[in-house]
Each structure stands twice: as C-alpha cells, then as structure tokens.
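Numbering-wise (our numbering), the first sequence opens with residue 2 and increments by one. A quick write-up on the structure given underneath.
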Amino acid sequence: MKIVTWNINSIRLRLPSLLNLISTLNPDIICLQETKCPDDKFPYDELIKIGFQHIAIKGQPSYNGVAILSKVKIKSILHHDFCNKKDSRYIGIETAKTKNIGPLIIHNFYVPAGGDEPNPEINEKFQHKLLFLDEMKDYLSESIKKPIGQIVTGDLNIAPHENDVWSHKALKNIISHTEIEINKLNTICNPEKWCDALRHEILDSEKIYTWWSYRNKDWEKSNRGRRLDHIWITKNIEELKKDILIYKNTRNWDRPSDHVPVMITI
DNA sequence: ATGGTTGTTTAACAA
C-alpha cells in the first residue's frame with residue numbers, strides 16, 4: 002500500500018499536477034494539505050473517475066483545507082476542531098481492512114505555520130501553533146490507545162533535526178526550527194510509540210528537505226530547503242514499512258507547489 | 001539586515 006502526503010497549495014490550480022503524480026506513483030491513499038478550496042468546489046468527479054472513490058475532505062475558502070483521497074474503502078472519518086478555530090487543519094480516516102493490511106487510522110495534519118516573530122507573547126500566530134501542538138499531543142496520545150496501526154502525515158511546519166534545514170545556525174531563531182516548537186514536536190513523536198519514517202530511513206547526518214521557498218530565484222541551485230512534511234507510523238506496524246520516497250521532481254514541474262510529495266510504501 | 005514569490009480573493013492576507 003502506497004500512501005502519499007503533499008501540501009498541494011491549491012488543489013484547483015494544481016489538479017493537472019495531482020493527476021500527473023497519481024499516474025506516475027500510483028498511490029492508494031493521498032493526504033493533501035492547503036487545498037484552499039471550499040467543499041462545494043472540490044474536484045470530486047475527476048478523482049472518482051480515476052479510482053479514488055473514497056474521499057474525506059475538510060475545506061474552507063481561501064486558506065488551509067485538508068483532504069484524504071483513497072482507493073481503499075473508508076470505514077469512518079475523523080474530525081477534530083483544534084484550538085476551537087473552526088478552520089480546516091485536520092482530517093483523519095479509519096480504513097477498512099484489506100487483504101494484506103489494515104484497518105489503519107491515518108491522521109492528516111496541516112499545522113499552523115506560525116508567522117514570523119518567534120515570540121508567542123507578541124505573535125498570536127506562533128501562540129496558535131504552540132497551542133495546536135499541545136492539543137495534537139493530547140489527541141494523538143488518546144488515539145494511540147486504539148490497538149490498530151496508525152499513521153501521522155502532513156505538513157507539520159516544523160523541521161526538527163539539524164539536518165532538516167539548510168543551516169541549523171541561520172535558522173535557529175526562524176519559526177519552523179526554533180527550540181520551543183521542536184521540543185513540543187519531539188514530545189509528540191515519542192520514539193517509544195512512533196517511528197519518524199523519513200529519519201528512520203535516512204541517516205541523521207544527511208540533509209532531508211521537502212519544501213523550498215518560492216522566494217529563491219533558483220531553488221535547486223540555492224537549495225535552501227527544510228523538512229516540513231512528515232510521515233510517522235506506530236511501532237506496531239513498523240515492520241511493515243518497505244520504502245520512503247521524496248518526490249523532488251515535482252518542484253521542477255510547471256507552476257509547482259513549494260512543497261514536494263512524500264510517499265511511504267507499507 | 002533586507003527582500004525575495006505565490007495563491008486566493010478582490011487590497012489584503014497568509015505562507
């Protein structure tokens with residue numbers, strides 16, 4: 002089973018890229034963030050037509066928006082309104098059991114970016130991010146009590162390791178790589194319960210990036226990336242993990258998202 | 001230290 006996470010940054014603008022991604026990687030489940038699409042304008046028909054008959058969405062106009070597209074039957078959809086904001090930053094599913102795998106719970110997060118000023122007392126957006134992480138910790142520690150395999154995916158907007166950013170020194174006071182948010186993320190991704198699938202696969206000494214800013218003239222040449230997109234799996238399905246792919250090619254596609262898709266094969 | 005770009009929705013906001 003192949004599961005992809007991708008911050009698509011507008012599903013309507015990038016539907017052709019999504020279809021291209023699907024025909025190239027042939028995933029079974031796709032977790033999208035920043036769909037930026039109200040539910041009544043979601044491109045259901047095109048996706049159902051190519052086999053994603055089971056779709057869970059939580060959209061809103063202009064901002065945020067998450068969706069899970071699945072070829073596997075969805076047994077139930079999970080909702081949670083983090084920070085009582087009525088925004089669209091989380092959706093989860095429990096899949097039906099398939100021949101080889103499942104059921105699985107898949108959590109799809111779009112964690113707040115947090116603005117620019119790394120001080121929660123003067124920056125409400127950073128405060129929101131930190132409170133979101135606190136609530137995420139409680140929510141997942143409750144969910145993980147269920148004795149079935151679980152996966153956390155999404156744009157977590159935090160690059161926790163030194164080699165998840167192009168310069169640990171230059172970014173240590175830049176939101177996404179500050180100590181306070183990294184510490185919070187690390188308490189959620191407790192290694193006794195969760196396996197950080199990318200870091201498990203790739204040596205700590207190697208750089209991993211899944212996002213490159215639009216603001217660099219040549220993203221590939223300057224290569225100032227960050228690992229903001231994550232896939233974690235519970236220890237009880239860790240032995241199922243076969244492969245990880247960071248599909249960097251898409252960053253050179255026409256009208257690219259600033260994030261690239263990440264895929265796990267289990 | 002500053003400014004660089006993209007997307008949605010209609011000049012401003014978010015990333």
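Glycine included, C-beta positions come from ideal geometry on N, C-alpha and C. None of these values were measured; they are calculated from a predicted model.
Leaving out five residues before and five after residue i in sequence, what residues of the same chain have Cβ atoms less than 6 angstroms from its Cβ?
{"i": "residue 239", "result": "196"}
{"i": "residue 116", "result": "124, 126, 127"}
{"i": "residue 74", "result": "55, 97"}
{"i": "residue 130", "result": "113, 115"}
{"i": "residue 1", "result": "This structure cannot settle anything about residue 1, because the visible part of the chain is limited to 2 through 267."}
{"i": "residue 61", "result": "89"}
{"i": "residue 228", "result": "160, 165, 209, 210, 211"}
{"i": "residue 34", "result": "8, 67, 111, 155, 156"}
Note the first and the last residue of the continuous alpha helix (DSSP H) segment covering residue i.
{"i": "residue 184", "result": "180-189"}
{"i": "residue 133", "result": "125-144"}
{"i": "residue 18", "result": "16-26"}
{"i": "residue 198", "result": "198-202"}
What residue does the beta strand (DSSP E) around residue i start on, and which one ends it?
{"i": "residue 95", "result": "91-96"}
{"i": "residue 70", "result": "67-71"}
{"i": "residue 45", "result": "Careful: residue 45 lies outside any beta strand (DSSP E), inside the alpha helix (DSSP H) at 45-50."}
{"i": "residue 11", "result": "Residue 11 -> no beta strand (DSSP E), and no H or E assigned at all."}
{"i": "residue 57", "result": "55-59"}
{"i": "residue 32", "result": "30-34"}
{"i": "residue 76", "result": "75-79"}
Return yes when the Cβ of residue j is within less than 8 angstroms of the Cβ of residue i, no when it is not.
{"i": "residue 11", "j": "residue 37", "result": "yes"}
{"i": "residue 79", "j": "residue 149", "result": "no"}
{"i": "residue 58", "j": "residue 92", "result": "yes"}
{"i": "residue 167", "j": "residue 224", "result": "yes"}
{"i": "residue 178", "j": "residue 186", "result": "no"}
{"i": "residue 155", "j": "residue 6", "result": "yes"}
{"i": "residue 40", "j": "residue 2", "result": "no"}
{"i": "residue 258", "j": "residue 9", "result": "yes"}
{"i": "residue 254", "j": "residue 18", "result": "yes"}
Please determine, among the options, the residue with the shortest C-alpha to C-alpha distance to residue i.
{"i": "residue 86", "options": "112, 181, 72", "result": "112"}
{"i": "residue 45", "options": "68, 133, 215", "result": "68"}
{"i": "residue 95", "options": "153, 189, 61", "result": "153"}
{"i": "residue 256", "options": "215, 27, 42", "result": "215"}
{"i": "residue 164", "options": "182, 119, 204", "result": "204"}
{"i": "residue 252", "options": "3, 15, 43, 4", "result": "15"}
{"i": "residue 212", "options": "122, 18, 202, 231", "result": "231"}
{"i": "residue 134", "options": "100, 208, 174, 82", "result": "82"}
{"i": "residue 42", "options": "63, 184, 22, 175", "result": "63"}
{"i": "residue 183", "options": "162, 76, 170, 169", "result": "162"}
{"i": "residue 23", "options": "4, 35, 13", "result": "4"}
{"i": "residue 354", "options": "48, 181, 140", "result": "Residue coverage of the chain in this structure runs from 2 to 267, which leaves residue 354 outside it and unanswerable."}
{"i": "residue 169", "options": "76, 139, 207, 140", "result": "207"}
{"i": "residue 108", "options": "262, 218, 151", "result": "151"}
{"i": "residue 175", "options": "33, 119, 254", "result": "119"}
{"i": "residue 142", "options": "181, 100, 191", "result": "191"}
Which residues does DSSP list as the beta-bridge partners of residue i?
{"i": "residue 227", "result": "166, 212"}
{"i": "residue 250", "result": "Answer is none; residue 250 lacks a bridge partner."}
{"i": "residue 110", "result": "91, 155"}
{"i": "residue 263", "result": "6, 247"}
{"i": "residue 149", "result": "According to DSSP, which records beta bridges pairwise, residue 149 is partnered with nothing at all."}
{"i": "residue 232", "result": "154"}
{"i": "residue 195", "result": "235"}
I'd like the list of long-range same chain contacts for residue i, defined as Cβ closer than 7 angstroms, with 5 residues on each side in sequence excluded.
{"i": "residue 53", "result": "70, 71, 72"}
{"i": "residue 243", "result": "266, 267"}
{"i": "residue 202", "result": "245"}
{"i": "residue 198", "result": "232, 233, 234, 242, 245, 265"}
{"i": "residue 226", "result": "167, 210, 212, 213"}
Grab me the residues of residue i's own chain with a C-beta within less than 8 angstroms of its C-beta, minus the 5 sequence neighbours each way, in chain order.
{"i": "residue 236", "result": "193, 194, 195, 196"}
{"i": "residue 137", "result": "83, 110, 112, 189"}
{"i": "residue 157", "result": "110, 112, 186, 229, 230, 231"}
{"i": "residue 26", "result": "3, 5, 246, 248, 262, 264"}
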